[in-house]
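Chains as they are written, first to last, in full-length UniProt numbering: chain W, 1 to 357; chain X, 1 to 250.
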């Protein structure tokens, strides 16, 4: 009798070992299949280099947007260990608000003015979108998540999904089904042509702005007293409170930062895709979540790189695999599944401690 | 300076502190001894506001003009702590070095110390306190840029005490500073506790190592399953046959 638990343990170990072997073999098979498909179909098409470069640039732009949104997921996860599934809607509301700010600016003729006026107006529009997202993000935290702080971890997750649907359909009810079209001012329509490669101005602006915002966030987190408090709260809430840190205030600030980035992404995506409607945050939100998982959720540089990698894969993937572009979402979410199977802690993730896992 | 009056604390339905009353006077080292589960850590966490007291008495921090930090007092008793959240208690100058050290593993040693001074804005005071802490614990000086998690147990304990000191506390709550340390280090830690006290910080020390604790303390309280069963001058407690039998392992 005494040996039976030992035996069971050994069997468990064997089971885990054979599962590991199985996933390894599966992984190898997938890699071989992808390489085979790329060489026989994707490369066989013989696209010119400029085509691949254009696709890669598109991917970086997409990745920049995903990164801004992914940072919101990762920041909140880092502190509360919950996935804020309403984060895509926070972004969408930034986009919608940006649309109305743009209308206002256009009605005043600011968009046809001299370029400094247009630039200031565009910055103002982005700022207004960010402010709206911050307002929504903070409200979400207060109403949908804080009351559930002590509840089992699944509960705030369900609350987040509910909040996501609530926000989508509130916007649908208020602003209607039809998409709102951003009209780009002349200053940022068009783009640069380098040989055969065309770079739309909005793409370049999105990429550069994303990088700047990410650098600003990194600076706040790593170099300021507030950032230090955020990292301390992420590690150990109750000890941080012993240091005089108001934990609730830090959590609110975390939501503010994440939501502001999402709002900026929403406005920029509005200008780039030219349309925004009630559900236009949903898929990008899930993609950004995928990016955060890809980089290792809770890990800030991981979210940035994960998003850029996901953007690149999504842009290059369909042509490389020789499948229609409409399937790019399939590629992104297949990535999510593969990451969860093969490397649940993400590409840059650390092994999660018991507390977080 | 710190007064607990019949404090009750519960974990859910479990009655962990059953009416604790104790006093810590300015400049003293007071120790709280007792076996596992007696409620020592619970007492400190209730003072700090991590746990909340229920019903009955209260916890009061009396004004002292020493650092000019006192607020208007609520009567003779001073500021009432047991209605405040932990971060506000910390801001009033009650600083805890928690059980198990609770170092921020991914923050550097320097950042850990800076977290201790989180509530302060007097840059001059902070840098002079940093100097003082690094003088007390020269080992930390060598490790300033290392992540806290890479320190040894003894170094982490030093960091935990140093971090608590960085708030320039009116009263320092030390929870099991000797736990898990080699005997030589234990001696060193108690030496430092004496030194900190000599420099003017009031200390409430929780210990399982009753012998060592009573040797550095002025007064002591013996805690047993949520009740204070004995109290008195540390010297007398050391000589008490009951204490000797139960806690000193003689």
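Even for Gly, the Cβ is constructed at its ideal location relative to N, Cα and C.
What you are looking at is a predicted structure, and each value in this text was computed from that prediction instead of being measured.
Exercise. Cα separation between residue 303 (chain W) and residue 67 (chain W)?
Worked result: Indexing the first chain from 1 puts residue 303 (chain W) at position 303. Indexing the first chain from 1 puts residue 67 (chain W) at position 67. Taking the straight line joining both Cα atoms gives about 6 Å.
Problem set entry | Burial state of residue 79 (chain W), where buried means 16 or more other Cβ atoms lie within 10 Å | Translated into positions along the first chain, residue 79 (chain W) becomes position 79. By the neighbour-count rule (16 or more Cβ atoms within 10 Å), residue 79 (chain W) is buried.
For this session: Drop a sphere of 10 angstroms on the beta-carbon of residue 135 (chain X), count the other beta-carbons inside from all chains shown, and report buried for 16 or more, exposed for fewer.
Result: Reading the second chain from its first residue, position 135 is the one you call residue 135 (chain X). The residue in question, residue 135 (chain X), is exposed, as its Cβ has fewer than 16 Cβ neighbours within 10 Å.
Problem set entry | Own chain, CB closer than 7 Å to residue 75 (chain W), minus 5 neighbours either side, in chain order | One-based indexing of the first chain puts residue 75 (chain W) at position 75. 254, 257, 258, listed in sequence order.
Exercise. Tell me, which residues are paired with residue 96 (chain X) by DSSP?
Worked result: Along the second chain, read from residue 1 onward, the residue named residue 96 (chain X) stands at position 96. Answer is X:173, bridged to residue 96 (chain X).
Exercise. Between which two residues does the alpha helix (DSSP H) harbouring residue 50 (chain X) extend?
Worked result: Within the second chain, numbered from 1, the residue matching residue 50 (chain X) stands at position 50. Premise fails: residue 50 (chain X) is in no alpha helix (DSSP H) and is neither H nor E.
Exercise. In whole angstroms, what is the alpha-carbon distance linking residue 361 (chain W) and residue 332 (chain W)?
Worked result: Nothing about residue 361 (chain W) can be read from this structure; chain W reaches only from 1 to 357.
Exercise. Any beta-carbon of chain W closer than 7 Å to the one on residue 110 (chain X)?
Worked result: As a first step, residue 110 (chain X) is located in the second chain; it is residue number 110 there, counting from the start. It does not; no Cβ of chain W falls within 7 Å.
For this session: Spatial neighbours of residue 67 (chain X) within its chain, please: CB distance less than 8 Å, with the 5 preceding and 5 following residues excluded, ordered by chain position.
Result: As a working note, residue 67 (chain X) is residue 67 in the second chain. Here the model assigns residue 67 (chain X) a pLDDT of 45, short of 50, so the residue's position is not dependable and the matter cannot be decided.
For this session: Output yes or no for whether 7 Å exceeds the beta carbon distance between residue 31 (chain X) and residue 213 (chain X).
Result: What you label residue 31 (chain X) is simply residue 31 of the second chain in a count that begins at 1. What you label residue 213 (chain X) is simply residue 213 of the second chain in a count that begins at 1. Cβ distance < 7 Å, so residue 31 (chain X) and residue 213 (chain X) count as in contact.
Problem set entry | Beta-carbon contacts of residue 231 (chain X) that lie in its chain and below 6 Å, excluding the five residues immediately before and after | Against the second chain, residue 231 (chain X) aligns to sequence position 231. Correct list, in chain order: 221.
Problem set entry | Partner residues on chain X for residue 235 (chain W), Cβ-Cβ distance less than 7 Å | By one-based count along the first chain, residue 235 (chain W) stands at place 235. Here the neighbours are 104, 105, 106.
For this session: May I ask you to report which of helix, strand or coil DSSP gives residue 248 (chain X)?
Result: Residue numbering aside, residue 248 (chain X) sits at position 248 when the second chain is read from its first letter. In this structure, residue 248 (chain X) counts as coil in the three-state DSSP scheme.
Exercise. Which residues, taken in chain order from the stretch 75-86 of chain X, show a beta carbon closer than 9 Å to some beta carbon of chain W?
Worked result: 85, 86
Exercise. Between residue 292 (chain W) and residue 306 (chain W), which are expected to be in contact by the criterion C-beta below 8 Å, what is the C-beta distance as a whole number of angstroms?
Worked result: Position 292 of the first chain, counted from the start, is the residue given in the question as residue 292 (chain W). Position 306 of the first chain, counted from the start, is the residue given in the question as residue 306 (chain W). Yes, residue 292 (chain W) and residue 306 (chain W) are in contact; Cβ-Cβ is about 6 Å, under 8 Å.
Exercise. Residue 53 (chain X) and residue 242 (chain W): beta carbons closer than 7 Å?
Worked result: Residue numbering aside, residue 53 (chain X) sits at position 53 when the second chain is read from its first letter. Residue numbering aside, residue 242 (chain W) sits at position 242 when the first chain is read from its first letter. Not a contact, by the Cβ cut-off of 7 Å.
For this session: Measure the alpha-carbon distance for residue 285 (chain W) versus residue 95 (chain X) and round it to whole angstroms.
Result: For the purposes of this step, residue 285 (chain W) is taken as the residue at position 285 of the first chain. For the purposes of this step, residue 95 (chain X) is taken as the residue at position 95 of the second chain. Going from the Cα of residue 285 (chain W) to the Cα of residue 95 (chain X) covers about 42 Å.
For this session: Can you say whether residue 344 (chain W) is buried or exposed, counting buried as having 16 or more other CB atoms within 10 angstroms of its CB?
Result: Taking the first chain and counting its residues from 1, one reaches residue 344 (chain W) at position 344. Residue 344 (chain W) should be labelled exposed.
Problem set entry | Any C-beta of chain W under 7 Å from that of residue 48 (chain X) | On the second chain, position 48 is the one that residue 48 (chain X) refers to. Closer than 7 Å to some Cβ of chain W, the Cβ of residue 48 (chain X) qualifies, so yes.
For this session: Tell me residue 233 (chain X)'s beta-bridge partners as DSSP assigns them.
Result: As a first step, residue 233 (chain X) must be located in the second chain, where it is residue number 233. Beta-bridge pairing links residue 233 (chain X) to X:219.
For this session: With a cut-off of 8 Å on the beta carbons, I'd call residue 59 (chain X) and residue 47 (chain X) a contact; round off their distance for me.
Result: Stepping through the second chain from its first residue, residue 59 (chain X) is reached at position 59. Stepping through the second chain from its first residue, residue 47 (chain X) is reached at position 47. The pair is a contact, with the Cβ atoms about 6 Å apart (cut-off 8 Å).
Exercise. At a Cβ cut of 8 Å, what residues of the stretch 239-272 of chain W count as close to chain X, listed as they run along the chain?
Worked result: 239, 240, 241, 242, 243, 244, 245, 246, 247
For this session: Indicate whether residue 175 (chain X) and residue 42 (chain X) have their beta-carbon atoms separated by less than 7 Å.
Result: One-based indexing of the second chain puts residue 175 (chain X) at position 175. One-based indexing of the second chain puts residue 42 (chain X) at position 42. No, the Cβ-Cβ distance between residue 175 (chain X) and residue 42 (chain X) is not below 7 Å.
Problem set entry | Straight-line gap, residue 197 (chain W) to residue 99 (chain W) (C-alpha atoms, nearest Å) | If you number the first chain from 1, residue 197 (chain W) lands on position 197. If you number the first chain from 1, residue 99 (chain W) lands on position 99. About 29 Å.
Exercise. Per the contact definition of three or more C-beta pairs closer than 8 Å, is the stretch 13-22 of chain X in contact with the stretch 150-163 of chain X?
Worked result: no
For this session: Tell me, please, which residues DSSP counts as bridged to residue 18 (chain X).
Result: Position 18 of the second chain holds residue 18 (chain X). DSSP output for residue 18 (chain X) lists X:8 as bridge partner(s).
For this session: Name, going along the chain, the residues of the stretch 205-238 of chain W whose beta-carbon falls closer than 8 Å to a beta-carbon of chain X.
Result: 225, 228, 229, 231, 232, 235, 236, 238
Exercise. Does residue 263 (chain X) get closer than 7 Å to chain W when you measure Cβ to Cβ?
Worked result: In this structure chain X extends from 1 to 250, so residue 263 (chain X) is not present and cannot be described.
For this session: Could you give the DSSP three-state label for residue 97 (chain W): helix, strand or coil?
Result: The sequence position of residue 97 (chain W) within the first chain is 97, counting from 1. If DSSP states are grouped into helix, strand and coil, residue 97 (chain W) belongs with the helices.
Exercise. Using CA coordinates, which residue listed in W:62, W:27, W:96 is at the minimum distance from residue 280 (chain W)?
Worked result: Within the first chain, residue 280 (chain W) is the residue found at index 280, counting from 1. Comparing Cα-Cα distances from residue 280 (chain W) to each of W:62, W:27, W:96, the minimum goes to W:96.
Exercise. What do you get for residue 133 (chain W), buried or exposed, if any count of 16 or more other CB atoms within 10 angstroms of its CB means buried?
Worked result: Within the first chain, the letter at position 133 stands for residue 133 (chain W). Residue 133 (chain W) comes out buried.
Problem set entry | Test item: CB-CB of residue 72 (chain W) and residue 261 (chain W) under 7 Å | One-based indexing of the first chain puts residue 72 (chain W) at position 72. One-based indexing of the first chain puts residue 261 (chain W) at position 261. Yes.
Problem set entry | Below-7 Å beta-carbon distance, residue 118 (chain X) vs any chain W residue | Position 118 of the second chain, counting from 1, holds the residue named residue 118 (chain X). So, interface residue.
Exercise. For residue 18 (chain W), is the classification buried or exposed, using 16 other Cβ atoms within 10 angstroms of its Cβ as the cut-off for buried?
Worked result: Numbered from its first residue, the first chain carries residue 18 (chain W) at position 18. Per the 10 Å Cβ criterion, exposed.
Exercise. Since residue 138 (chain W) and residue 87 (chain X) are thought to touch, with beta carbons under 8 Å apart, how far apart are those beta carbons, to the nearest angstrom?
Worked result: Start at 1 with the first residue of the first chain, and residue 138 (chain W) comes out as number 138. Start at 1 with the first residue of the second chain, and residue 87 (chain X) comes out as number 87. Going by Cβ atoms, the distance from residue 138 (chain W) to residue 87 (chain X) rounds to 19 Å, so no, they are not a contact pair.
Exercise. For the alpha helix (DSSP H) that residue 218 (chain W) lies in, which residues bound it at each end?
Worked result: Along the first chain, one-based indexing puts residue 218 (chain W) at 218. That run of the alpha helix (DSSP H) goes 201-223.
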